[in-house]
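Residue numbers (the numbering used here): 153 to 947. Quick reminder that beta carbons are idealized off the backbone N, C-alpha and C, glycines included.
What follows is the structure, given as structure tokens:
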């Protein structure tokens with residue numbers, strides 16, 4: 153499937169959706185507006201319902217509501233909100249009418265004396281859980297050009313490290329745990345088998361309604377084998393019709409498009425489409441030392457452009473089915489289609505530079521989603537999801553040249569390559585089935601059973617070496633995680649969850665050996681291994697005051713080695729079949745406090761203390777010739793960490809916040825294998841790992857610009873700080889090298905019209921054009937400008 157075919161599919165499906173959406177807008181009535189207090193404060197979580205027909209909604213985080221698909225006629229709208237007097241409004245709707253009704257609620261003095269938590273949005277409900285969790289309202293970022301990885305990089309405890317520009321490889325860190333130690337989900341479905349065409353740093357923020365970051369202990373319903381936490385991306389699954397389309401253009405010839413649309417009819421038919429594309433030349437300036445490829449003359453600290461780093465991807469996610477039926481609250485069949493192509497400019501360090509090598513991949517993934525509440529008996533909820541990725545990946549390295557940063561190259565005779573001659577094309581043949589059964593015994597007791605099953609079977613061939621035996625050797629993996637949980641909620645103040653998990657993994661692979669002892673004699677032996685482990689955990693929270701929540705959690709968790717870690721990714725990660733599962737004892741203690749001063753000043757403060765005792769800790773190191781990374785078990789690692797965030801807002805005019813994270817990861821391996829003396833690295837700080845970082849942001853809001861109602865101008869700023877850290881072990885010699893301190897300044901201006909229907913934003917990233925490095929010698933883009941236009945309609 154090529155780009156043109158994908159675009160034609162995009163246009164065809166979007167045309168159908170827009171046509172049906174316009175037809176519904178003409179034939180149905182709608183009531184929409186905002187819910188505010190008498191002093192102008194927006195009220196999220198207010199209950200609005202139409203008497204007599206049992207149709208209702210809750211106001212959003214922005215205080216907005218929409219009652220759609222209404223027949224013409226007379227209605228009584230009732231509005232209730234904790235701490236405020238209820239309101240009723242009589243409404244008469246004509247055929248096709250869209251009536252706007254803004255509601256103002258008066259405070260109920262008696263209730264306000266006893267209640268300080270005045271209604272909760274979905275984001276606030278998530279943050280109230282016993283787990284150490286931070287929920288991001290992604291809707292507030294939909295006018296930005298952020299992808300999901302950069303949005304998460306602003307959360308306390310999170311550090312996202314990139315090798316370069318758009319589409320480059322990223323390393324996600326959460327409270328010291330990195331890479332695959334942190335699991336990613338979309339609507340509770342693991343993203344383990346989505347392939348290179350669907351990665352965190354190419355997914356636009358507009359795909360998400362909110363993002364939940366679980367630090368340490370992960371709730372049982374997410375399943376999987378997360379060791380250090382999880383990120384759950386929640387998409388727009390509410391039953392409504394909408395269209396959200398955006399396009400951005402910016403520096404380095406960067407183009408990004410996102411289209412999200414959905415239709416739900418009165419009969420329960422629903423169709424959802426998410427489509428996005430990313431393109432960039434990534435030809436930003438870098439500073440490097442260069443040797444003339446012909447004369448050998450050496451030039452230090454040269455400013456040159458990247459010249460072989462083009463990246464593009466196109467992805468389409470479509471689901472069709474029914475909602476609100478007796479046999480299913482939601483039953484969807486779908487498909488995810490995508491492709492990507494990435495030129496590879498450097499190796500693990502910028503001293504290696506390439507001019508022809510590239511990789512490409514595709515995703516073809518059919519899926520099934522089923523959910524039913526109160527199945528057979530009241531309180532029994534069942535969710536089943538399944539998908540299978542038929543996509544392919546290919547590594548193309550066939551040009552026998554050596555390049556330098558001046559774009560000079562030396563051509564060699566014969567068959568060769570820039571690194572490892574290859575046209576290897578393979579499929580990982582990933583399958584996934586998840587099932588979650590939740591039974592509410594009563595208001596205080598809930599039981600949950602969750603099971604996640606994964607399959608992996610890499611198969612491929614290389615037309616350059618059709619007879620090579622190594623391509624026929626097995627690379628097979630199955631993994632199953634079964635969890636059982638219990639939740640006890642005796643009252644509004646106290647909540648406790650306990651769970652146990654059973655982890656199983658089976659690997660089939662091959663190892664090379666020398667059967668004769670003669671140089672160059674290589675044979676392969678098929679091997680199998682199996683892991684079976686049991687983990688458990690507990691999470692509890694209690695409200696000491698109505699606006700002060702304390703949280704504590706503990707778990708013994710296992711993380712089974714991932715397929716890329718075992719078998720390699722054939723680009724910059726070398727496989728290591730010797731990896732063992734890693735385990736960690738995770739302790740978390742935190743608090744969350746929200747308050748206000750007067751009617752206009754609001755603030756929130758949260759903090760967490762974490763302690764991790766990890767055994768068999770898996771971390772990346774450079775391989776022997778420093779051209780690739782390889783994963784290794786480090787026997788014992790401890791981490792004591794702190795993170796916190798403070799936020800303040802003044803009315804609806806100004807908001808600001810700051811967060812800071814400190815993590816003290818130490819090598820706790822006292823005796824190296826085969827030695828009786830204490831290791832010189834004992835209690836050394838783990839190298840190549842940021843240990844102190846934070847963000848600060850501020851935004852001003854100006855409403856009704858030039859007297860035009862429904863308009864707003866916002867001006868925002870964000871600062872990222874990362875303290876310097878060593879590349880190698882601190883105790884090994886004087887020349888340890890370091891990744892320097894990072895200070896990155898971003899600014900943005902957003903102008904919205906007609907209450908968010910039309911939006912225009914301008915952003916500047918790395919405002920001061922600083923030299924930024926997330927990884928040693930791998931320079932990130934300098935100053936860049938981006939312009940984004942967005943159109944949004946919902947009913």
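- DSSP, read as helix, strand or coil, puts residue 515 in strand.
- Under the DSSP assignment, residue 797 falls in the beta strand (DSSP E) whose first and last residues are 781 to 802.
- Taking a contact to require three or more Cβ pairs closer than 8 Å, the stretch 824 to 833 and the stretch 803 to 812 do not qualify as touching.
- DSSP links residue 475 through a beta bridge to 482.
- Its chain contains 343, 467, 488, 490 and 515 as the residues whose beta carbon lies nearer than 8 Å to that of residue 350, once the 5 sequence neighbours on both sides are disregarded; these appear in chain order.
- Beta-bridge annotation (DSSP): residue 385 is paired with 338 and 363.
- By the CB criterion at 8 Å, residue 433 and residue 465 fall outside the cutoff.
- Taking the Cα positions, residue 439 is about 8 Å away from residue 931.
- Inside the stretch 692 to 758, DSSP marks whole beta strand (DSSP E) runs of 3 or more residues at positions 700 to 711 and 734 to 749, from first to last along the chain.
- Annotated three-state conformation of residue 646 is strand, per DSSP.
- In this model, residue 884 and residue 385 are separated by some 41 Å (Cα to Cα).
- Non-local beta-carbon contacts of residue 377 in its own chain, meaning distances under 7 Å to residues more than five positions away in sequence, involve 633, 655, 710, 711 and 712 in chain order.
- Taking every protein chain shown into account, the CB of residue 562 has fewer than 16 other CB atoms within 10 angstroms, so this residue is exposed.
- Per DSSP, reduced to three states, the secondary structure at residue 812 is strand.
- Between the alpha carbons of residue 718 and residue 770 lies a distance of about 11 Å.
- Secondary structure of residue 771 (DSSP, three-state): strand.
- Approximately 18 Å separates the beta-carbon atoms of residue 782 and residue 819; this is outside 8 Å, ruling out the contact.
- Assignment of residue 423 by DSSP, reduced to helix, strand and coil, places it in the strand class.
- C-alpha of residue 590 to C-alpha of residue 506: approximately 52 Å in a straight line.
- DSSP places residue 897 in no alpha helix (DSSP H) but in the uninterrupted beta strand (DSSP E) bounded by 894 to 905.
- Straight across, the Cα-Cα distance linking residue 914 with residue 212 is about 26 Å.
- The Cβ neighbour count for residue 355, taken over all protein chains shown within 10 Å, is at least 16; the residue is labelled buried.
- Residue 486 and residue 675 have their C-alpha atoms spaced approximately 44 Å apart.
- Beta-bridge pairing by DSSP links residue 308 to no other residue.
- Of the residues 587, 575 and 600, the one whose Cα lies closest to the Cα of residue 616 is 575.
- Nearest Cα to residue 529 within the set 478, 872 and 310: 478.
- Between the alpha carbons of residue 318 and residue 249 lies a distance of about 44 Å.
- Counting only residues of its own chain and dropping the five nearest sequence neighbours on each side, residue 588 has a CB closer than 6 Å to the CB of 373, 535 and 602.
- Between the stretch 902 to 916 and the stretch 858 to 876 there are three or more C-beta pairs closer than 8 Å, enough to call the two in contact.
- Under DSSP, residue 656 shares a beta bridge with 632 and 684.
- Here the stretch 874 to 881 makes no contact with the stretch 908 to 922; the two share fewer than three CB pairs at distances below 8 Å.
- With contacts defined as CB atoms closer than 8 Å, residue 725 and residue 639 fail to qualify as a contacting pair.
- For residue 357, the secondary structure class from DSSP, reduced to helix, strand or coil, is helix.
- With contacts defined by Cβ atoms closer than 8 Å, residue 334 and residue 382 form a contacting pair.
- Taking C-alpha positions only, residue 304 is separated from residue 582 by approximately 27 Å.
- Annotated as proximal: residue 322 and residue 313, with beta-carbon spacing under 8 Å.
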